[in-house]
Every structure is written in structure tokens, then in C-alpha cells.
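With the working numbering, letter number 33 in the sequence shown gets 68, and the count goes up by one each step, no holes.
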Amino acid sequence: MFDSHFQTFDDAADPSLGAPRLKMLRARLKTMKLDGFLVPRADAHQNEYVAPCEERLAWLAGFTGSAGFVIVLADKAALFVDGRYTIQAREQVDSTAFTVVPLADISPADWLAKNARKGARIGYDPWLHTNGQLARFETAAKKAGAELEAVTENPFDALWSDRPAQPQGRIVLHPPKYAGEAAAKKLERIAAALTSDALLVSDPHALAWAFNLRGSDVAHTPIALGYALIPREGKPRLFLEADKLTSRTSGALEKLAELASPAALPEALAELGAKKLSVLFDAGTAPSRLTRIFTEAGGQAEIGSDPIALMKARKNAAELEGARAAHLRDGVAMARFLCWFDKAAARGRLTEIAAAQALETFRRESGELRDISFPTISAAGPHAALPHYRVTEKSDIRIGKGVYLVDSGAQYLDGTTDVTRTLAVGAPGKAAQRANTLVLKGHIAIARAVFPKGTSGAQIDGFARRPLWEAGLDFDHGVGHGVGSYLSVHEGPQRISKLGGVALEPGMILSNEPGYYREGAFGIRIENLVAVETREIPGGERDMLGFETLTLVPIDLRLIESKLLAPEEKSWLNAYHSRVRAALSPHLDKAERAWLKKATGRI
Numbered sequence: 036m037f038d039s040h041f042q043t044f045d046d047a048a049d050p051s052l053g054a055p056r057l058k059m060l061r062a063r064l065k066t067m068k069l070d071g072f073l074v075p076r077a078d079a080h081q082n083e084y085v086a087p088c089e090e091r092l093a094w095l096a097g098f099t100g101s102a103g104f105v106i107v108l109a110d111k112a113a114l115f116v117d118g119r120y121t122i123q124a125r126e127q128v129d130s131t132a133f134t135v136v137p138l139a140d141i142s143p144a145d146w147l148a149k150n151a152r153k154g155a156r157i158g159y160d161p162w163l164h165t166n167g168q169l170a171r172f173e174t175a176a177k178k179a180g181a182e183l184e185a186v187t188e189n190p191f192d193a194l195w196s197d198r199p200a201q202p203q204g205r206i207v208l209h210p211p212k213y214a215g216e217a218a219a220k221k222l223e224r225i226a227a228a229l230t231s232d233a234l235l236v237s238d239p240h241a242l243a244w245a246f247n248l249r250g251s252d253v254a255h256t257p258i259a260l261g262y263a264l265i266p267r268e269g270k271p272r273l274f275l276e277a278d279k280l281t282s283r284t285s286g287a288l289e290k291l292a293e294l295a296s297p298a299a300l301p302e303a304l305a306e307l308g309a310k311k312l313s314v315l316f317d318a319g320t321a322p323s324r325l326t327r328i329f330t331e332a333g334g335q336a337e338i339g340s341d342p343i344a345l346m347k348a349r350k351n352a353a354e355l356e357g358a359r360a361a362h363l364r365d366g367v368a369m370a371r372f373l374c375w376f377d378k379a380a381a382r383g384r385l386t387e388i389a390a391a392q393a394l395e396t397f398r399r400e401s402g403e404l405r406d407i408s409f410p411t412i413s414a415a416g417p418h419a420a421l422p423h424y425r426v427t428e429k430s431d432i433r434i435g436k437g438v439y440l441v442d443s444g445a446q447y448l449d450g451t452t453d454v455t456r457t458l459a460v461g462a463p464g465k466a467a468q469r470a471n472t473l474v475l476k477g478h479i480a481i482a483r484a485v486f487p488k489g490t491s492g493a494q495i496d497g498f499a500r501r502p503l504w505e506a507g508l509d510f511d512h513g514v515g516h517g518v519g520s521y522l523s524v525h526e527g528p529q530r531i532s533k534l535g536g537v538a539l540e541p542g543m544i545l546s547n548e549p550g551y552y553r554e555g556a557f558g559i560r561i562e563n564l565v566a567v568e569t570r571e572i573p574g575g576e577r578d579m580l581g582f583e584t585l586t587l588v589p590i591d592l593r594l595i596e597s598k599l600l601a602p603e604e605k606s607w608l609n610a611y612h613s614r615v616r617a618a619l620s621p622h623l624d625k626a627e628r629a630w631l632k633k634a635t636g637r638i
């Protein structure tokens with residue numbers, strides 16, 4: 036009845052392969068006269084989702100998380116992960132070959148400074164590191180008396196015999212009715228914002244936005260791998276593989292830019308460098324190899340922020356309208372799933388994988404689903420305490436009494452969604468109910484927040500944490516990340532976190548997702564997407580902003596300890612549920628409407 040088209044549940048991790056592959060790598064490094072090697076979980080664009088052929092870290096160590104870093108030395112090897120992945124890494128990695136090191140304890144650069152021997156030559160692939168990343172490792176190597184050395188051939192190329200081929204996903208044009216602005220107009224705005232002679236666009240998400248194109252080179256995010264050079268004056272150059280383009284697509288893009296292969300980019304940069312021009316390289320995504328080619332040719336490399344990032348973050352009217360339509364469609368699918376889930380889970384035979392498959396199926400039945408926006412986190416009981424848990428055939432368990440957390444999202448042509456709900460199965464228990472209510476209080480605090488223009492995400496991060504702090508609790512991830520428009524579900528530079536220094540502006544879309552996790556017991560997270568909007572306050576003296584909640588999905592009333600909610604919090608929840616009921620009911624059948632009416636009852 037239910038199945039999955041956009042995700043698998045295979046367990047690709049095999050800890051037994053770690054030690055022999057590490058031995059192979061060390062032998063290869065020895066022939067290259069290297070004493071160590073830096074292995075980031077990265078591609079040449081620093082993408083969150085990378086093509087299978089770029090999963091070097093997973094091939095070596097077995098760790099399949101979306102963020103990680105390995106340092107291999109002659110006598111030791113360390114895998115660095117953040118708090119989301121500490122438990123997962125220990126389960127997937129051979130601890131006799133790799134030491135799992137939490138990033139909260141020490142950074143990879145500081146670890147290298149303490150562990151590299153004097154005189155050691157540490158290799159790295161300059162296509163996989165930005166200048167800023169390398170600067171930290173160069174400082175660390177110097178402190179240890181070692182040296183970094185760029186390699187022209189990545190050692191994995193000779194070792195990974197069954198390495199997948201480079202992606203060749205088809206590139207399509209993103210329709211104007213969804214983009215809301217012609218690519219030619221965007222390119223004019225980008226050029227006008229430049230103080231350098233040209234901009235190198237190295238972030239495929241920025242490339243997709245600027246040229247109104249979408250691709251399929253990586254999972255769950257519709258991007259095409261490529262680059263662009265946008266001059267302050269003159270016609271841009273777009274570097275894409277010709278095999279990915281149809282004649283119609285290439286014809287449309289040729290009106291905007293000169294087309295060339297990505298292989299031609301190094302020569303193009305060298306030519307600009309020889310003319311003593313200045314080029315802006317994005318600090319977060321431009322590979323060190325390209326900046327070096329340019330500067331060695333005589334150019335002036337300016338390392339900074341790609342101006343496209345902020346332009347892309349500020350959604351226009353068409354993109355915001357698309358987001359609302361996408362969330363209505365997604366809310367209908369979620370309501371149908373939640374209605375089904377209540378019955379299926381009560382029978383006691385439902386598993387995490389079956390639930391994930393059902394949710395994807397409900398979304399596909401809309402006829403508009405292009406992909407899921409990330410692998411569904413379908414987590415029962417103690418698995419919900421792992422913020423980025425990914426269910427596999429090996430880890431799959433039945434959903435029993437207690438709590439079940441489902442974090443999922445969809446890619447539609449008109450918008451990207453991301454929603455988390457924590458659900459009661461049977462009697463959830465007082466501890467979970469109390470924790471859920473504290474998380475809900477934090478969620479409501481963000482949803483109701485009003486703040487002056489110029490406020491950053493860091494300044495309101497604490498709003499969501501205060502109820503937990505007052506109970507002596509907290510969580511180790513940010514409150515919210517930016518979200519793209521039929522692009523990345525994790526978009527910068529906007530975010531609500533302790534590190535979110537960018538001012539929030541009208542049109543930005545972010546998640547609102549506080550949580551709480553009790554290891555070995557349960558996890559709680561409540562997530563809606565919100566859009567920053569202007570707020571008129573009678574008698575106010577400042578330009579003020581607030582949030583429009585986009586997500587339309589019931590919040591489980593069975594997990595709420597109502598006496599812990601203040602009157603204004605109850606009013607917000609009742610108003611939200613009234614809005615959800617009015618929006619979704621016309622699209623549901625009789626049984627689903629009855630379920631929704633109960634699920635959105637007044638508290």
C-alpha cells in the first residue's frame with residue numbers, strides 16, 4: 036500500500052571495513068611521501084548533500100552523517116562530529132581504527148596541532164577546502180612543526196575502485212511564476228552590487244537562484260553542480276556540463292550568459308588574473324584551488340560573502356505565495372497521515388520505516404511532490420532522542436507506547452517544507468508531557484515574537500530556550516535555520532541560533548524548532564516554518580518585525596500539560612488550530628475532518 040520513491044532505508048555503514056581501508060590509505064600516503072591526510076565530508080562546493088562519488092569520508096570510516104571530518108596520521112585517526120552525531124558515529128565506526136571526537140571538546144585544527152609530529156607532511160585536496168578552512172589548519176600545522184601540502188591527485192581516486200560516476204542530472208528552467216523575477220533582472224542586481232570586477236558563483240544554490248534553473252545532481256535539493264563568473268560589466272559566463280542541458284534550456288541560458296564546461300573555469304580565472312582584475316570569491320563555498328589559480332596568475336582575490344545569499348534569502352511576493360500554497364498542500368498530506376497514524380500505531384504493529392513510507396505516499400498523492408527535502412526522521416521512543424536519527428532496516432523498531440517523533444519535508448515547484456511533530460502513542464508519560472509543554476512554550480515564544488528591524492537570530496534564540504532553562508534543561512541545536520524556495524531546506528545566512536549574527540529581514544523563511552532530548556528515553560521537537568514580516572504597532576517608534584507561521588499541521592494536544600501554559604499561550608494555540616482546521620478541512624474526507632476537528636479542539 037505504501038512505499039518510498041525518494042529515500043532508502045539501507046544501512047550502508049560497515050564498521051568492519053574501516054580498519055582495512057585505513058590501512059590502504061596509509062599505504063597510499065606513504066607512496067605519496069605524506070604522513071597524514073585531511074578528509075572532509077565535502078565536495079568542491081561545500082554542499083550539505085553531496086553526490087555518492089563525493090562520499091569519501093563514509094567510504095573510509097563508515098560514518099554516514101551529513102557533517103564530519105577525519106584526520107588521518109601515521110599512528111592515529113580521528114573522526115570529528117557535532118552533538119547531533121556523537122551516538123551515531125560510535126555505532127557506525129570501528130573504534131579500534133578511528134577515535135570519535137566531539138567537536139564540543141576540540142576542533143580538528145586544534146587536534147592536529149596537538150597530535151601531528153614535528154616535520155610531518157599533511158596532505159589535503161585543495162578542491163575540498165575553502166581558504167578559511169585551510170588557514171586554520173595551516174596555523175595548527177605550523178604550531179606542531181608540521182606542514183600542509185596540496186595534492187594534485189586525491190589518494191582516494193586510486194583506492195576507491197567501485198566509486199560511483201559523477202552526477203549527470205538534467206537541468207531545467209525554473210518557471211517565472213514561481214521565481215517571481217526574471218533571471219536577467221537578477222543578474223543586473225547582482226552586477227550592481229559588486230565592488231570587485233567580477234564574482235565567482237561557487238554555491239550551486241546561488242547559481243540556481245540567479246539563473247532561474249534547477250537540477251538533480253544531489254539528493255533532495257534541486258541543484259546543478261557548476262559555476263558562474265558574473266562581471267560588473269559585460270555578459271556572465273556559466274560553467275555547466277553540456278550533457279545536462281536540452282537544446283531549449285541551453286538556448287534560454289545562452290541569452291543570459293556564455294556557456295562553457297566546468298573544466299574551462301580554471302583557465303578563465305587565470306585569464307582574469309593575468310589582466311590584474313579583482314574577483315570576489317565566496318568564503319563559504321569557493322575551493323582553495325580556484326583562488327590559488329587566480330592569484331598565481333596575478334589577480335586580486337577578495338574573499339567575502341556572495342551577495343546572492345542575502346538576495347536569495349529575501350523571498351519575493353511570488354515565492355512567499357508559493358510557500359503558502361506548498362504548506363497548504365503539505366498540511367493536507369500531513370493531516371491525512373496523522374489521522375492514519377493514530378489508528379495504525381494503536382494496533383501496535385507499525386514500524387518506523389512503515390510510518391516514513393506512509394508519509395511519503397500521502398505527499399506523493401498530491402501529484403505535486405518533486406522530492407522529499409531530506410530523509411525523513413521517523414523515530415520512536417529512545418530513537419527520538421537522536422536529533423538526526425535516520426532509520427535503517429537494521430535500526431527499525433515498532434512504534435510502541437510513549438512518544439513518536441517525525442521530522443520531514445517536501446520539495447514542490449512552488450516551495451520547500453519542513454515540519455516536525457511529536458506524537459503521543461498510548462499514554463506518553465508525565466515526563467514526556469511536561470518536556471513537550473516546555474518545548475511548546477518556547478515554540479510559541481518565537482511564533483509570537485515582535486522585534487525591531489536589525490535584530491539578529493542570535494538575539495531571539497533565547498526566547499525559545501527560556502522555559503527549558505527555567506527548568507534546568509536545554510537542547511544542543513539551533514532554534515531555526517533558513518529555508519529556500521524549491522531549493523535547500525537548510526539555507527543561509529539567516530538562522531535563529533546563538534551563532535546567528537545576520538539581521539532578520541522581511542521575506543526570509545526560517546524554521547522554529549526548539550526541542551528537548553533525554554538520551555535512552557525520548558525526544559521532543561515541535562517545528563513550523565515561519566516568514567519574517569513587517570508589523571505595525573500603534574504608537575510604536577521603531578520599524579518592527581514579526582513572524583507569519585506558514586506550516587498548517589495540528590500540534591498534539593495529548594502531549595500538553597495545559598496548566599503550564601499561560602493564557603496568551605493558550606490563545607495562540609487555539610487560534611493556530613482554528614486556522615489549521617479552516618484551511619485543511621475542505622480538502623479532507625469525512626473521517627479525516629472528524630479527526631482534525633478533535634485534533635484541533637480548544638485547550
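Backbone N, C-alpha and C define an ideal beta-carbon position, used for all residues, glycine too.
{"Item": "What number of angstroms, rounded off, separates the C-alpha of residue 86 from the C-alpha of residue 439?", "Value": "31 Å"}
{"Item": "Just how far apart, CA to CA, sit residue 193 and residue 199?", "Value": "13 Å"}
{"Item": "Tell me which same chain residues have a C-beta within less than 7 Å of the C-beta of residue 274, skipping the five on either side of it?", "Value": "261, 262, 263, 295, 296, 297, 299 and 300"}
{"Item": "Unbroken beta strand (DSSP E) runs of length 3 or more, entirely within the region 261–325: which are they?", "Value": "262–266, 272–274, 293–295 and 313–317"}
{"Item": "Given a threshold of 16 other Cβ atoms within 10 Å of its Cβ, counted over all protein chains shown, does residue 655 qualify as buried or as exposed?", "Value": "Residue coverage of the chain in this structure runs from 36 to 638, which leaves residue 655 outside it and unanswerable."}
{"Item": "Should residue 577 be labelled buried (16 or more other beta-carbon atoms within 10 Å of its own) or exposed?", "Value": "exposed"}
{"Item": "Report the three-state DSSP secondary structure of residue 474 (helix, strand or coil).", "Value": "helix"}
{"Item": "Starting from the C-beta of residue 386, find all residues in its chain whose C-beta is less than 8 Å away, skip the five residues before and the five after it, and write them out in chain order.", "Value": "431, 432, 433 and 434"}
{"Item": "Given residue 124, which residues of its chain have a CB within under 8 Å of its CB, disregarding the five upstream and five downstream residues?", "Value": "98, 100, 103, 114, 116 and 135"}
{"Item": "Have a look at residue 392 and residue 281 and give me their C-alpha separation to the nearest angstrom.", "Value": "33 Å"}
{"Item": "State the DSSP-derived secondary structure class of residue 246, mapped to helix, strand or coil.", "Value": "coil"}
{"Item": "Rounded to whole angstroms, what's the CA-CA distance from residue 452 to residue 527? Just pull it up for me.", "Value": "16 Å"}
{"Item": "Sorted by chain position, which residues of the same chain lie with C-beta nearer than 6 Å to residue 234's C-beta, five sequence neighbours on each side aside?", "Value": "265 and 315"}
{"Item": "Please report the Cβ distance between residue 635 and residue 46, rounded to the nearest whole angstrom; I am assuming they are in contact, meaning their Cβ atoms lie under 8 Å.", "Value": "Actually they are not in contact, since the Cβ atoms of residue 635 and residue 46 sit about 38 Å apart, beyond 8 Å."}
{"Item": "Roughly how far, in whole angstroms, is the beta-carbon of residue 129 from the beta-carbon of residue 50, given that I think they are within contact range, below 8 Å?", "Value": "4 Å"}
{"Item": "Using beta-carbon positions only, say whether residue 306 and residue 272 come within less than 8 Å of one another.", "Value": "no"}
{"Item": "Just confirm the distance between the C-beta atoms of residue 631 and residue 613, as a whole number of angstroms; I'd bet it's less than 8 Å.", "Value": "That pair is no contact at about 11 Å."}
{"Item": "Smallest Cα separation from residue 312: which of 332, 591, 80 and 64?", "Value": "332"}
{"Item": "I need the DSSP call for residue 91, collapsed to helix, strand or coil.", "Value": "helix"}
{"Item": "What's the gap between the Cα of residue 633 and the Cα of residue 88?", "Value": "48 Å"}
{"Item": "Starting from residue 205, follow the beta strand (DSSP E) in both directions and report where the run begins and ends.", "Value": "Taken as a continuous stretch (DSSP letters only), residue 205 belongs to no beta strand (DSSP E), as it is neither H nor E."}
{"Item": "I believe residue 330 touches residue 84 by the beta-carbon criterion, under 8 Å. Please report the beta-carbon distance rounded to the nearest angstrom.", "Value": "About 30 Å; that fails the 8 Å criterion."}
{"Item": "Tell me the rounded alpha-carbon separation between residue 53 and residue 69.", "Value": "20 Å"}
{"Item": "Is it buried or exposed for residue 36, if we count other Cβ within 10 angstroms and need 16 for buried?", "Value": "exposed"}
{"Item": "Quick one: using the 10 Å Cβ neighbour count with 16 as the cut-off for buried, is residue 562 buried or exposed?", "Value": "buried"}
{"Item": "Which residue wins for smallest C-alpha separation from residue 243, given the options 206, 226 and 119?", "Value": "206"}
{"Item": "If residue 138 sits next to residue 106, beta carbons under 8 Å apart, how far is it from one beta carbon to the other, in whole angstroms?", "Value": "13 Å between Cβ atoms; not a contact."}
{"Item": "Note down, one range per segment and in chain order, each beta strand (DSSP E) of at least 3 residues found wholly within the region 420–453.", "Value": "437–443 and 445–447"}
{"Item": "Could you check whether the region 154–163 touches the region 318–330, counting it as contact only if at least three pairs of C-beta atoms, one from each stretch, sit closer than 8 Å?", "Value": "yes"}
{"Item": "So, is residue 94 buried or exposed, given that buried needs 16 or more other C-beta atoms within 10 angstroms?", "Value": "buried"}
{"Item": "What residue from 443, 464, 489 and 468 has the CA that sits closest to residue 546's CA?", "Value": "443"}
{"Item": "Applying the 10 Å Cβ sphere with the 16-neighbour rule, what's the burial state of residue 406?", "Value": "buried"}
{"Item": "Can you list the alpha helix (DSSP H) stretches of 4 or more residues lying completely in the region 316–380, in chain order?", "Value": "323–331 and 343–348"}
{"Item": "Can you give me the Cβ contacts of residue 483 inside the same chain, cut-off strictly under 7 Å, excluding the 5 residues immediately before and after it?", "Value": "607"}
{"Item": "CA-CA distance, residue 225 and residue 349?", "Value": "14 Å"}
{"Item": "According to DSSP, what are the bridge partners of residue 606?", "Value": "Its beta-bridge partners do not exist; DSSP assigns none."}
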